[in-house]
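Enquirer:
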Amino acid sequence: MKSLNKVQSHLIAECFNKLYIGGQFVDAIDEEKIPTYYPATGELLHEFPRGKANDVDAAIAAAEAAWAEGTWAGMSAAERAEIVIKMAQGIEDNIAMLAEIEAADVGKPYRQAAMTLGGAAGEGKYWCSLGKVLDAEQDVPVNSGGGEGGVPPAEWDVVYRRDPIGVIGLISAWNYPMNVAFRKVAPALVAGNCAILKPSEIAGLSCMFIGKLAQDAGIPPGVFNVVTGDRDAGAALAASPSVSMISFTGSTLTGSKIMGACAPKLSQVALELGGKSALVVFDDTDLDKAVETTMKGFLANGGQICTAHTRLVVQDSIEAPLLNKLKEELEKLPFCNDPITEKDRGDRAWEDGMTDVVQPVVCDSQHKKIMGFLHEAKAAGVEVLTGGDVPDEATVGNSGGYFIQPTVLINVERDADVWQKEVFGPVLSVRSFSTEDDAVLEANSTSFGLASTVMSSDPAKAMRVANRIRAGAVFATSTGEGLLAEHPAVSRGGFGFSGVGRELGIGGLHEYTELKSVNYTGFSLADAKNKHTG
Ligand code: NAD
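Using our numbering, the letters of the sequence shown correspond one by one to residues 7 to 540.
1. Could you give the residue range of the beta strand (DSSP E) that holds D169?
2. Sorry if obvious, but does the Cβ on T255 come closer than 6 Å to a heavy atom of the ligand NAD?
3. Do G513 and G541 count as a contact pair if the criterion is CB distance below 7 Å?
4. From this set, V275, E75, Q321, which residue's C-alpha is nearest D443's C-alpha?
5. With respect to the beta strand (DSSP E) encompassing Y43, which residues constitute its N-terminal and C-terminal limits?
6. Which of the three DSSP states, helix, strand or coil, is assigned to M121?
7. So, at 6 Å on beta carbons, what are the nonlocal neighbours of N23 in its own chain, with the 5 sequence-adjacent residues on each side left out?
8. Where does G502 sit, in a helix, a strand or coil, going by DSSP?
9. Quickly, what does DSSP pair G128 with across the bridge? List them, please.
10. Within its chain, find whatever has a CB closer than 6 Å to the CB of G308; leave out the 5 residues flanking it on each side and keep chain order.
11. Excluding sequence positions up to five away, which residues of its chain have a Cβ less than 6 Å from the Cβ of G156?
12. Quick one, which of L104, Y116, A532, N536 has its alpha-carbon nearest S15's?
13. Quick one: does the C-beta of I177 sit closer than 6 Å to a heavy atom of the ligand NAD?
14. Looking at the unbroken beta strand (DSSP E) that takes in P193, where does it start and where does it end?
15. For C200, name the three-state secondary structure that DSSP assigns.
16. When you compare only the Cα positions, how much space is there between C213 and A187?
17. In this structure, how does DSSP classify G359 when only helix, strand and coil are distinguished?
18. From the DSSP secondary-structure annotation, give me the bridge partner or partners of K522.
19. With H, G and I counted as helix, E and B as strand and the rest as coil, what does DSSP make of G507?
20. The alpha helix (DSSP H) that contains V368, what's its start and end?
21. On a CA-only basis, which of K190, P226, K349 is nearest G256? Give me that one, please.
22. Does DSSP put G540 in a helix, in a strand, or in coil?
23. Quick check: L510 and V524, are their CB atoms within less than 7 Å of each other?
24. Relative to the C-alpha of E428, which residue among V480, R476, Q372, D238 is closest?
25. For W162 and P170, what's the separation of their Cα atoms in angstroms?
26. Run the CB neighbour count on F399, radius 10 Å, all protein chains shown included, and call it buried at 16 or more, exposed below.
27. Excluding the 5 residues preceding and the 5 following D395 in the sequence, name in chain order all residues of the same chain whose CB lies nearer than 7 Å to its CB.
28. Can you list, in chain order, the residues of its chain with a C-beta nearer than 8 Å to that of D236? Leave out the 5 residues immediately preceding and following it.
29. What is the DSSP secondary structure of N4, counted as helix, strand or coil?
30. From N60, L51, A84, pick the residue whose C-alpha is nearest to that of A109; which is it?
31. Is the closest heavy atom of the ligand NAD to the C-beta of K263 under 6 Å?
32. How big is the Cα-Cα spacing for S387 and D362?
33. Report yes if the C-beta distance between V5 and M265 is below 7 Å; otherwise report no.
34. Looking at A79 and G198, is the spacing between their C-beta atoms short of 7 Å?
35. Residues bridged to L391 by DSSP?
36. Restricting to Cα atoms, I'd like to know which of A296, V436, F215 is closest to E20.
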């Protein structure tokens, strides 16, 4: 395919064929490669190094040396941010190339890839702007924290500091490769850590470019490293006694394994995991808006979003008209047969509430996994309102790609796998409710708790329900506006199976620091500072 050749020519660059360790692009110790395929056709896209435990060890050694040398941690956060911001600018300057790569690697429409890469650059700049905020948090006097009688004795000059953690591992997922990875890289570096990034083996090509961005920005050798590889490389990173924190984005199962690997050494974890978010629609909601929001919630990025709203909880009085309209709209949606060249359409979800094209899912194994859920659901008697299968070959240009019809499953039992488990594809499960209490019960009826939305034209009702939903990010809306949107200043994260810790906002930066108190007695902090600078 012509469009694929263009991307493949970008991938000839050194950074897409080597590991980035100690400030250099180096070959992996073994010569083994990992193939990656264009999801729209199944054609071979690229082969990149399968880094192994010995490559991970080399990267850890480079990071340890940089940490021991101390220059990076010894700079102020604002000084580090001045360097890291060049990496964010590098993303912005290379959006066209990176969007082609992500379109080819993930199968998302170019238009959507370019938009979200712009978001990664903007968010990176936000993290850098927090450098001076972090500096202002150094040597801050301890106060009562708002409690009564809790002020430390007057003869203590006790202050808080926020130290970097040390050598840390960043393990990322494939659905928004650059966004997920850079959301870790930027705060980790601004906070003063030395880091090793292990991108996803399913679609992580754009992340390999972060090594080049670090090199060009002048990040000191060893402070930032990239090792591509599969789960074994991730496991080696998580288990290393030299790694003091793992920041992970991926599935709940892997998150739990990583927590287990970190337990014996009691190292920090930040885990951004899976979700099964509910969209609760009350009968006072505008029907067209409810349908648009439902489509956007479960179909954006092909349903491959941690916060995808893959459970619809609809008030019984409007269930029939809403489902009729939803079926009608879904059956009109075209498939995206060549994401790399898809520059006009493509997941308008991010802009105006529409989902206008259906992308393939990322790879053969995900395709098989999703189809497995559908076969099992159908075998168990779950009703299919629409979809439920792969599209006709002719509909998708006889492409051989990993396409699945947008699927709506209705009257789903609460204990069914398609209600309880993350499918991570274009599949929506529906249940209805009659009372407000039932709506809350349904929304909270899984072990996940990443996001959820309540739609109603009654603000008081929306607030009552939003406050009872157990999820890290809840939207209360009459229009659906803002669904799935993120702002770098708004912290998010998971309850239950959806994770540990929070990302984004100042709290997200704090995840990459250790809070420390220093108690000066016999002399004051001011004395110490005078001696230090004098
Ligand atoms: P995954 O868990 O299969 O893999 C994620 C990463 O972990 C990959 O780099 C992989 O190589 C590595 N890995 C696998 N096994 C490992 C092990 N035992 N030890 C260490 N590393 C290991 O997830 P995925 O399929 O890449 O991503 C999809 C998942 O990510 C979904 O569950 C989605 O909800 C979740 N996700 C969550 C967020 C969030 O912010 N909460 C964002 C994006 C994606």
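We treat Cβ as the ideally placed atom computed from N, Cα and C, and that holds for glycine.
Expert: Checking against the coordinates, here is how it stands:
1. 163–170
2. yes
3. In this structure the chain extends from 7 to 540, so residue 541 is not present and cannot be described.
4. Q321
5. 39–43
6. helix
7. none
8. helix
9. Paired residues: none, contrary to the question.
10. Q365, V367, P432
11. S150
12. L104
13. yes
14. Run containing P193: none in the beta strand (DSSP E); it sits in the alpha helix (DSSP H), 183–196.
15. strand
16. 7 Å
17. Low per-residue confidence applies at G359: pLDDT is 48, beneath 50, and the placement is therefore not dependable, though the value from the model is reported in the following sentence. DSSP places G359 in coil when its eight states are reduced to three.
18. R167
19. coil
20. No alpha helix (DSSP H) holds V368; DSSP gives it neither H nor E.
21. K190
22. Any answer about G540 is weak, because its pLDDT of 47 lies below 50 and its placement is not dependable; what the coordinates show is given next. Looking at G540 - three-state DSSP - the assignment turns out to be coil, as it is neither helix nor strand.
23. no
24. Q372
25. 25 Å
26. It should be noted that the sequence gives Glu, not Phe, for residue 399. Exposed is the call here.
27. Q411
28. I40, R56, E207
29. Residue coverage of the chain in this structure runs from 7 to 540, which leaves residue 4 outside it and unanswerable.
30. L51
31. yes
32. Going by the sequence as given, residue 387 is Gly instead of Ser. Rounded to the nearest angstrom, the two C-alpha atoms are 30 Å apart.
33. One cannot answer for residue 5 here, as it falls past the ends of the chain, which runs 7 to 540.
34. yes
35. DSSP, once it has assigned bridges, lists no residue as partnering L391.
36. F215
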